[in-house]
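Residue numbers (UniProt numbering): 1 to 516. Okay, structure first, notes after.
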């Protein structure tokens, strides 16, 4: 029977209580039946199609604008594959007669902003007045957003002054963008003062009096979206008490918290280790008729696993599936991390197989956790098999995975195999980093082959990598182990020249007689 897209909650329960033994053969077969990523939907086409609207000719601005208008809710439908395409279209638009409207330019600039080319959007907007395009509040809001994303909220507020001067209404979009910009720059107090100022201006808002039309036509009422920006910002700053107080305040004002509000609070509580309070909020959320989403559950699962409560995380995984929410790669990876941290490697392997059977594609982080855990336990055959599996799935190992394998080989004094991993890493286009070389240098020093460690050190420098204090510590220790104190002292002097320093305790370890 083919694995279904959605695995049942009962299968998670059976997995939790299943016998520990699972054959590597059955695991490998389940992998081989997966389609290659290139065969998955949307993987091969150059662009995704978000609607049935005919795809425009980029050389004809009218077609592009028509497409942008039709697909504006889908972010422009991916009409541009590069900012160069957008600039080309802009160039044709400003030469058109008559000139397109400011609204049309807003659509084009919005597409550029979604590609995160904020500076480019700013330069283009500043050109428009000299071209005869009158600015409107939509263009100025785009300008504010760009400055805020570039961490120049001060410039954003200067544009706010321009909006006042031109006699435009301040929209909720304007104010929410500025609040978000203040949080991006860590200006929490100013964000809260600005929110308070919003509350004092105009009639006391509630959720029923706010609607989208009012927002776009100049309403400046506070709605749940505004509160969510502030609550999320407070949680990211670790100011959970203030976030909870604001949550209580919005409820008193008749503004109902939504799934985003609760998820931000739960994530914030989990980040500071207040798991019990997070679970209380989850209960409050569900009893209020608000369905948690995948992000809510992922925060809780990750927190439970980081506390070593992976069995509780599995129970929560079962509950979320019963609620009709399918775990994703982040969910499974969190549980696998918790299981590996508890030393339950067979359980972790079983979870990986279950994940694949449910058509959830493991990511590089999933395999990094598994490979690292197996290497630390000396299970190198299993670690190598995991690397083979990830390659079968179209995932290439990263420097962390290669370094984990090198550490595993070094722990078993298999230096030839460790060097082979380094060479393979380079062949596959993955650049070694300082950790990679530190691992090998440490392995050779422990094997008392300081000549080889010296060669690796030189190779490291040739690659443009800067040795850190661990590199020097390892080499100093290696030369001390073979009785070459003169070279060890030279290395310490070199460290001082390179602004590296050993602590006094390390000096005592290497040269106890020097401090007598």
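Note that CB positions come from ideal geometry on N, CA and C, so glycine has one too. Here the structure is a predicted model, which means the values were calculated and not measured.
Within the same chain, 191 and 233 come within 6 angstroms of residue 183 by CB-CB distance, once the 5 residues on both sides are set aside. Counted as a single uninterrupted DSSP element, the stretch harbouring residue 327 is not any alpha helix (DSSP H), since DSSP gives it neither H nor E.
For residue 353, the three-state secondary structure derived from DSSP is helix. DSSP places residue 168 outside any alpha helix (DSSP H), giving it a letter other than H or E.
Taking C-beta separations shorter than 7 angstroms and ignoring five residues to either side along the sequence, the partners of residue 474 in its chain run 438, 441, 442 and 445, following chain order. The shortest C-alpha to C-alpha distance from residue 149 to any of 171, 119, 95 and 292 is the one to 119. Judged by DSSP in its simplified three-state form, residue 156 adopts helix. The three-state secondary structure of residue 463, taken from DSSP, is coil. Secondary structure of residue 447 (DSSP, three-state): coil. Burial of residue 436 is indicated by the presence of at least 16 other C-beta atoms within 10 angstroms of its C-beta. In the DSSP assignment, residue 290 falls outside any alpha helix (DSSP H) and carries neither an H nor an E. Taken through DSSP and simplified to helix, strand or coil, residue 100 comes out as coil.
For residue 351, same chain residues with a beta-carbon under 8 angstroms away, outside a window of 5 residues either side, are 15, 332, 335, 336 and 339 in chain order.
Shown here, residue 81 sits in coil according to DSSP, grouped into three states, outside any helix or strand. Close CB contacts of residue 137 within its chain, under the 6 angstroms cut and outside five residues either way in sequence, are with 168 (chain order). By the neighbour-count definition (other C-beta atoms within 10 Å, threshold 16), residue 164 is an exposed residue.
7 angstroms or more divides the Cβ of residue 313 from the Cβ of residue 360.
In the three-state scheme derived from DSSP, where H, G and I count as helix and E and B as strand, residue 361 is classed as coil.
If the five residues before and after residue 363 are omitted, its C-beta is found closer than 8 angstroms to the C-beta atoms of 329, 333 and 395, all from its own chain and listed in chain order.
Residue burial annotation: residue 349 is buried, with at least 16 other C-beta atoms found within 10 angstroms of its C-beta. For residue 95, there is no enclosing alpha helix (DSSP H), since its DSSP letter is neither H nor E.
Judged by DSSP secondary structure, residue 122 falls within the alpha helix (DSSP H) whose first and last residues are 118-131. Under the three-state reduction of DSSP, residue 106 is assigned to helix.
Rounded to the nearest whole angstrom, the CA to CA distance from residue 355 to residue 319 is 16 angstroms. Look at residue 149 here: in three-state DSSP terms it is helix.
For residue 271, the enclosing alpha helix (DSSP H) stretches over residues 259-271.
Spanning the alpha carbons of residue 116 and residue 146 requires a straight line of approximately 9 angstroms. When the Cα atoms are used, residue 256 and residue 170 turn out to be separated by approximately 23 angstroms. For residue 296 against residue 272, the beta-carbon gap comes to about 17 angstroms, at or over 8 angstroms, which does not count as contact.
A direct Cα-Cα distance of roughly 19 angstroms separates residue 419 from residue 388.
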